[in-house]
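Asks: Here you go, one structure.
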Amino acid sequence: QLFNFPFSHSKLIMSSFLLQLRVSILLTLPIICSTNTNDINIIYFWFDDLGFGDTGYNGGDYPTPILDALATKDAIKVNFHYTEQVCSASRSSLLTGRYSWLSGLNSVSGLNTIAGYDTTLKLFPEILQNEGYTTFISGKWHIGYSHERDLPYNRGFENGVYSHQGLQYYDRGFVRGWSRFDNVFGEPSKPIKAERRCTFGNNYKVNIHDTYKIEKNATGNNYYDKPVLFGSTGYNEDLYTEAIKDYVKNLDGSKPFFIYYSLWTPHATITQPPVTRPDGTAANFTACYNAFPNKTTATCDLNNDTRCVFCKQVHYASQNIQEIIDEIKKNSKLDWNKTIVIVTSDNGATPTSRNGLAFGSALPYRGVKSGTHEGGIRTPAIIKGGYVENILKTNSGLTNNMCAYNNMFHISDWYHVFMSMLNIDSSHSLYSPDSDHSKLGVWNNILCH
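Residue numbers (our numbering): 1198 to 1646.
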């Protein structure tokens, strides 16, 4: 069942029909034998609550020139990319390769909860790590944090700067981090409070810090979360982006890499992004000012036009994505021709009436985030990278070396796409695809041959 329909008789029939239709479409497409090797670099970017209609290349009102450029040349545009209806369910589905109701987490992982994904399932970063990848997580985890076993450093990520739950744009403390620091449903112990105050001083918010860096322990055999403040006023997307860029600069090409950047943008409540980039140059919001007449830096604010601010936040985050891509290309030790980039979103748009100030757009579709109508679960999705460019060049009939994939694609399919890229099948000791995914062969059909 591709969608989270309630299991009434009529809706169950519809869900079953859609799944059968999806399988039949895929089985009628030609199967292309892959020549992939197992050293493909993977970068996975996903926005938080970016709707299908929030991108210019999908016909939306917001100008997104950077995303448009990524989508319209040397790329595969996935036009029917479906997610779960809320963020945690989508993340759990992506990382476990299961529909969310089979992943252990079918709703939002809230505050002060022990809810999380099914930890008996292998996450695909664990398989990548087992295959010799170096791995990095940046941004939002949000699929369970009540036990250390749930956290990224025990589930395939040996590097990263991230939050257990999620942050506001300028705040390092949004929720209470647990893991080794807090007792479940209780206050941190006195020694832990003392450790935190020693690290951060009297301004440290003891109960709600949620920014961590993955580090090795003294023996170098295991990893752990180190709470890090990274300043108190910087923009979180810059914090995450600069951490990724530093990681990329130090890669020597001896191992393939996997970078997982789960952005907060444009989740409510929308906030003015910085006017200056981390390198000291001015942030360029001309496209947004031109889209909203008579708007300037002084008048594109939350008091005058929230849509303009929304546009600026998406554009700023898009610049961060482009900077990371550029950093990878600049590192001469890394092979761009063996690199794939995915840019997508975790669910549909959030309008301003939900979860604080937003202003996302699901148009032309009905529904928004948290619902199973098209507007709540259909999102933008782009596949880029030198590896994809070279595959597309074998098809001389493409314009701008770009194609559109117009069959259904679910967020859980990415797990199995990555396994197919690496020629990993069910004979692998860690890979156990469920019956919903084991025979779909999406990667072989999405390459636009």
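Even glycine gets a Cβ: it sits at the ideal position worked out from N, Cα and C.
For T1332, report the span of its beta strand (DSSP E) as first-last.
Replies: Taken as a continuous stretch (DSSP letters only), the beta strand (DSSP E) holding T1332 covers T1331 to K1337.
Asks: Whose C-alpha, out of D1251, P1260, K1270 and W1243, is nearest the C-alpha of G1582?
Replies: That would be K1270, whose Cα lies nearest to the Cα of G1582.
Asks: With 16 other CB atoms within 10 Å as the buried threshold, where does A1415 fall?
Replies: With fewer than 16 other Cβ atoms within 10 Å, it is exposed.
Asks: Tell me, please, whether the region 1566 to 1582 touches the region 1273 to 1289 by the rule of three or more beta-carbon pairs shorter than 8 Å.
Replies: Enough Cβ pairs lie closer than 8 Å, so yes.
Asks: Given A1488, which residues of its chain have a CB within under 6 Å of its CB, disregarding the five upstream and five downstream residues?
Replies: Closer than 6 Å at Cβ, skipping near neighbours: P1260.
Asks: Hey, how far is the Cα of P1227 from the Cα of S1626?
Replies: Confidence at P1227 is low in this model, with a pLDDT of 34, below 50, so the placement of that residue should be treated as unreliable; the coordinate-derived value is given next. Cα to Cα, the separation comes out at about 29 Å.
Asks: Applying the criterion that 16 or more other CB atoms from any shown protein chain within 10 Å of the CB defines a buried residue, is R1346 buried or exposed?
Replies: Per the 10 Å Cβ criterion, exposed.
Asks: Buried or exposed: where does V1538 fall if 16 or more other Cβ atoms within 10 Å of its Cβ makes it buried?
Replies: Buried, by the Cβ-count rule.
Asks: So is N1697 buried or exposed if we call it buried at 16+ other beta carbons inside 10 Å?
Replies: Within the shown structure, residues of the chain are numbered from 1198 to 1646, placing residue 1697 beyond reach of any answer.
Asks: List the residues that DSSP assigns as beta-bridge partners of N1238.
Replies: T1536, per the DSSP bridge assignment.
Asks: What did DSSP end up calling K1575 once you bin it into helix, strand or coil?
Replies: As written in the sequence, residue 1575 is Arg, which differs from the Lys given in the question. R1575 falls in the strand class under three-state DSSP.
Asks: Which word fits P1561, buried or exposed, when buried means at least 16 other C-beta atoms lie within 10 angstroms of its C-beta?
Replies: Looking at its Cβ environment, which holds fewer than 16 other Cβ atoms inside 10 Å, P1561 is exposed.
Asks: Given that a residue counts as buried once 16 or more other Cβ atoms are within 10 Å of its Cβ, and exposed if not, what is T1596?
Replies: Its Cβ having fewer than 16 others within 10 Å, T1596 is exposed.
Asks: Could you tell me the distance, in whole angstroms, from the CA atom of D1633 to the CA atom of D1476?
Replies: Distance between the alpha carbons of D1633 and D1476: 46 Å.
Asks: Where does the unbroken beta strand (DSSP E) through N1528 begin, and where does it stop?
Replies: Segment: none, N1528 is in no beta strand (DSSP E) and carries neither H nor E.
Asks: At what residues does the beta strand (DSSP E) containing F1454 begin and finish?
Replies: Its beta strand (DSSP E) spans residues F1454 to S1459.
Asks: Can you tell me whether E1328 is helix, strand or coil according to DSSP?
Replies: Here E1328 sits in coil by DSSP.
Asks: Look at S1335 and S1459 and say whether their C-beta atoms are less than 9 Å apart.
Replies: Contact: yes.
Asks: Using only CA atoms, which one of I1580, I1643, K1590 and G1573 lies nearest to N1604?
Replies: For the residues I1580, I1643, K1590 and G1573, the minimum Cα distance to N1604 belongs to I1643.
Asks: Tell me whether E1434 sits in a helix, a strand or coil according to DSSP, three-state version.
Replies: Correct three-state label for E1434: helix.
Asks: Compare the C-alpha of L1348 against each of K1527, T1494, L1292 and D1449 and name the closest.
Replies: It is L1292.
Asks: If Y1432 and P1470 are in contact, beta carbons under 8 Å, what's the gap, nearest whole angstrom?
Replies: The Cβ separation is near 6 Å, so the contact holds.
Asks: Would you mind working out which of L1264, F1244 and W1243 sits nearest T1252, comparing C-alpha positions?
Replies: It is L1264.
Asks: Report yes if the C-beta distance between G1363 and H1339 is below 9 Å; otherwise report no.
Replies: Yes, these two residues count as a Cβ contact at 9 Å.
Asks: Leaving out five residues on either side along the sequence, give the residues of the same chain with a beta carbon under 8 Å from the beta carbon of A1495.
Replies: So no residue of the chain qualifies.
Asks: Residues in its own chain within less than 6 Å of C1230 by CB, not counting five upstream and five downstream?
Replies: Confidence is the limiting factor: at C1230 the pLDDT is only 32, short of 50, which leaves the residue's position unreliable, though a coordinate-based value still follows. Around C1230: no qualifying Cβ.
Asks: Quick one: give me the first and last residue of the alpha helix (DSSP H) that N1642 is part of.
Replies: Element bounds for N1642: V1639 to I1643.
Asks: Measuring alpha carbon to alpha carbon, tell me which of T1468, L1637 and I1574 ends up nearest S1542.
Replies: Ranking the options by Cα distance to S1542, first place goes to I1574.
Asks: Hey, V1472 and A1479: beta-carbon distance below 9 Å or not?
Replies: Closer than 9 Å, so yes.
Asks: Give me the residue from P1490, G1353 and D1315 with the minimum Cα distance to Y1457.
Replies: Answer by Cα proximity: G1353.
Asks: Kindly give me the distance between the Cβ atoms of S1623 and S1609, rounded to whole angstroms, as I take these residues to be in contact under 8 Å.
Replies: About 16 Å separates the two Cβ atoms, so there is no contact after all.
Asks: For the beta strand (DSSP E) holding I1411, just list the boundary residues, first then last.
Replies: Segment Y1409 to K1413, the beta strand (DSSP E) holding I1411.
Asks: Given a cut-off of 9 Å, decide if L1325 and P1453 are closer than it, judged by their beta-carbon atoms.
Replies: Yes. Within cutoff.
Asks: Along the chain, where does the alpha helix (DSSP H) that runs through C1284 open and close?
Replies: That run of the alpha helix (DSSP H) goes C1284 to T1293.
Asks: With a threshold of 16 other CB atoms inside 10 Å of the CB of T1536, please say whether the residue is buried or exposed.
Replies: Result: buried.
Asks: Exposed or buried, A1440, counting other C-beta atoms within 10 Å across all chains shown (16 or more means buried)?
Replies: Counting Cβ neighbours within 10 Å, A1440 comes out buried, since at least 16 surround it.
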